[in-house]
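Throughout, my numbering is defined as the position within the sequence shown, counted from one, plus 15.
Take a look at the structure set out below.
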Amino acid sequence: MKAYPTLLLLTIAVVNSSNAQIERINQTIKPLEAESHLRFLTADELRGRNTGTTELLIAGRYIAEQFRRSGLAPLGDVEGDYLQRVPLHNVTPPKGATVSMLGKEFRAGDDMVMLTGVNGAAEAPLAFLADLQDYASVDLKGKVVVTVLRDPRGSASDAQQIKLLEEAGAVGLIQIFGPGQRIPWQLILNYLNRERMNVGEIEEEEDQGLLHLWVHDSANVLVQQLKDNPDAAVSIHIKGIQKTSVKAYNVIGRVEGTDPELKKEHIVMCAHYDHVGVQAGEGQDSIYNGTRDNGIGTTGLINAAKYFGKYPPRRSVIIIALTGEEKGLLGSQYYVNNPKVPLEETVFAFNIDNSGYTDTDVVTLLDTNRTNIDQLVYQAAAEVGLGVIGDRIPNQNYYERSDQVSFAAKGVPAVNFKMAMAAFDERISEYYHQPSDEFHTVDLDYIHKYWKAYIRAAELIGNWNQRPYWVEGDKFEPAGKELYNRK
Ligand SMILES: [Zn+2]
Numbered sequence: 016m017k018a019y020p021t022l023l024l025l026t027i028a029v030v031n032s033s034n035a036q037i038e039r040i041n042q043t044i045k046p047l048e049a050e051s052h053l054r055f056l057t058a059d060e061l062r063g064r065n066t067g068t069t070e071l072l073i074a075g076r077y078i079a080e081q082f083r084r085s086g087l088a089p090l091g092d093v094e095g096d097y098l099q100r101v102p103l104h105n106v107t108p109p110k111g112a113t114v115s116m117l118g119k120e121f122r123a124g125d126d127m128v129m130l131t132g133v134n135g136a137a138e139a140p141l142a143f144l145a146d147l148q149d150y151a152s153v154d155l156k157g158k159v160v161v162t163v164l165r166d167p168r169g170s171a172s173d174a175q176q177i178k179l180l181e182e183a184g185a186v187g188l189i190q191i192f193g194p195g196q197r198i199p200w201q202l203i204l205n206y207l208n209r210e211r212m213n214v215g216e217i218e219e220e221e222d223q224g225l226l227h228l229w230v231h232d233s234a235n236v237l238v239q240q241l242k243d244n245p246d247a248a249v250s251i252h253i254k255g256i257q258k259t260s261v262k263a264y265n266v267i268g269r270v271e272g273t274d275p276e277l278k279k280e281h282i283v284m285c286a287h288y289d290h291v292g293v294q295a296g297e298g299q300d301s302i303y304n305g306t307r308d309n310g311i312g313t314t315g316l317i318n319a320a321k322y323f324g325k326y327p328p329r330r331s332v333i334i335i336a337l338t339g340e341e342k343g344l345l346g347s348q349y350y351v352n353n354p355k356v357p358l359e360e361t362v363f364a365f366n367i368d369n370s371g372y373t374d375t376d377v378v379t380l381l382d383t384n385r386t387n388i389d390q391l392v393y394q395a396a397a398e399v400g401l402g403v404i405g406d407r408i409p410n411q412n413y414y415e416r417s418d419q420v421s422f423a424a425k426g427v428p429a430v431n432f433k434m435a436m437a438a439f440d441e442r443i444s445e446y447y448h449q450p451s452d453e454f455h456t457v458d459l460d461y462i463h464k465y466w467k468a469y470i471r472a473a474e475l476i477g478n479w480n481q482r483p484y485w486v487e488g489d490k491f492e493p494a495g496k497e498l499y500n501r502k
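Next up, the structure:
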């Protein structure tokens, strides 16, 4: 019985102090101002913020100048600026390229698709391996290896095998896409035989190693023919690949923490600010405004910059608006390999990326029970009147489909703070990667609460006596141990 009054007092004290924090956030983040950032970033004039367009560069400059107003220290490449150049380039698929073997000619974009390779021609003997793992028992020097493709979705062990083939002296790998695959060939072509954007300078990629192709064997005859003709050769002509470099930037600022010791630890707050641009559709509106994805996240960062510029937490904060997410998490991939503060001094990454929302009374933490910070997110959400749910669609693997995974793969504990996503249903699909994802279609009351909860949660994490870390047994915990040299 005696415990009650103490507990009650404690609760009142906690509520009072957090009300003061929320009040401070309310005073700093003015609704009209935040909405005007969102209106600007998602306006038709910014034409969907596609990576490689002038409009995305304008968005980046806009964010940089908001960081400057908020007093963030610039962490860009050039002194006094916030822009980190991200070297990117476009690669077109080969055009008119052919592969001839066993009396048949395969054509790029028809029954052949190239995964890696450059323009050029080669004649080479074939080496058929029933299994990629058999590579050690055959002399592969100067040969093109042929195997059956098991799973087009690939796997880490495949990538390793391909490296080993290269070390064994093979000059190429052709994989046979036979009948019975779960993914239709046409889908493979749509997905792989199109222009792609990669990280890196064009020159860096000239020597990218093994030529890697898939050929479509709809008649299911190739394996038998290869077995019958062990001395067969292949003639390869790759042409028509074009590369163009792309101008793109991450926008990065820093707030120094107030604690003399804890300020050596950095919390990253990040969100991608690119979207998918303009795509010709049947309707009249062809601009993909990307309000949910990810204008709201970007504005969340601008708000956080303003708040933490005034009220820094004990730990330091790095705020990063990321480019190239829609092209394959390119901006975050580049950042974690070229960080402005060493990754081992980065203790947490708090990403925002959204598809849409299904409810206005909860937020989604992607994912709960991965890191030890869950209780702080629950607290922050509760303080603005929201609940929290975890990943309700785990089979979609959303955790590994946005920028937080770039940090996680390096070992930095990372989560995505999303608007509520209880299911991928029509409430999401109506706007997800659609021209309808426009400013006037969002519930601003909910968005304001969500923005505040993001700031408040970051503040709690930044001030926490414990250090953020992976939950024991998490997939990324081993990477964390390596990064931070922990047992
Ligand atoms: Zn997104």
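All residues carry an ideal CB built from backbone N, CA and C; glycine is no exception.
Counting along the chain, LYS258 sits inside the beta strand (DSSP E) bounded by residues 258-261. LYS110 and PHE432 have their C-alpha atoms roughly 42 Å apart.
Ligand 1 has no heavy atom closer than 6 Å to the beta-carbon of ASN318.
The stretch 197-208 makes no contact with the stretch 324-337; the number of CB pairs closer than 8 Å stays below 3. By the neighbour-count criterion, in which 16 or more other beta carbons inside 10 Å mark a residue as buried, VAL93 falls on the exposed side.
Separation of the CB atoms of TYR303 and PRO450 is rounded to 6 Å, and the pair is thereby assigned contact status at 8 Å.
PRO140: member of the beta strand (DSSP E) spanning 135-143, first to last residue.
Around the beta carbon of THR69, fewer than 16 other beta carbons sit within 10 angstroms, so the residue counts as exposed. At least one heavy atom of ligand 1 lies less than 6 Å from the C-beta of ASN309.
For ASN213, the enclosing beta strand (DSSP E) begins and ends at 211-214.
Within the stretch 429-468, the runs of beta strand (DSSP E) that reach at least 3 residues and sit entirely inside it are, in chain order, 429-434.
A distance criterion of 6 Å places the beta-carbon of ASP368 in contact range of ligand 1, judged by its closest non-hydrogen atom. For TYR77, the enclosing alpha helix (DSSP H) starts and ends at 69-84.
Counting only runs of 4+ residues, the alpha helix (DSSP H) found wholly inside the stretch 314-360 occupies 345-352, in chain order. Buried is the label assigned to GLY310, since at least 16 other Cβ atoms lie within 10 Å of its Cβ. Measuring C-alpha to C-alpha distances from TRP479 to each of ILE282, GLU340 and ASP382 identifies ILE282 as the nearest.
By the C-beta density criterion, VAL236 is exposed, having fewer than 16 other C-beta atoms within 10 angstroms. The Cβ atoms of TYR97 and GLY324 lie no closer than 7 Å to each other. Distance from LEU228 to VAL128 at the Cβ level is roughly 7 Å; contact confirmed, criterion being Cβ atoms closer than 8 Å. Between the stretch 237-254 and the stretch 368-384 there are fewer than three C-beta pairs closer than 8 Å, too few to call the two in contact.
Counting along the chain, the unbroken alpha helix (DSSP H) around GLN390 starts and ends at 389-398. About 6 Å separates the beta carbons of ILE44 and TYR322, which is inside the 8 Å limit, making them a contact pair. Counted as a single uninterrupted DSSP element, the alpha helix (DSSP H) harbouring GLN240 occupies residues 237-243. Of the residues assessed, SER417 falls on the buried side of the cut-off, its CB having 16 or more other CB atoms within 10 angstroms. Leaving aside the five residues that flank ARG482 on each side, the residues in its chain whose CB is nearer than 8 Å to its CB run, in chain order, GLU280 and VAL362.
Burial state of LYS342 is buried, judged by a 10 Å Cβ sphere holding 16 or more other Cβ atoms. Check the Cα spacing between GLY187 and each of GLU441, LYS158 and GLY63: the tightest is with LYS158. With a cutoff of 7 Å on beta-carbon distance, GLY224 and GLU181 are scored as near each other. A direct Cα-Cα distance of roughly 59 Å separates ASP232 from SER85. DSSP links SER233 through a beta bridge to no other residue.
Rounded to whole angstroms, the gap between the alpha carbons of LYS464 and ALA112 is 54 Å.
Within the same chain, TYR150 and LEU155 come within 7 Å of ALA183 by CB-CB distance, once the 5 residues on both sides are set aside. In the three-state reduction of the DSSP assignment, ARG64 falls in the helix class.
DSSP places LYS425 inside the alpha helix (DSSP H), whose first and last residues are 419-425.
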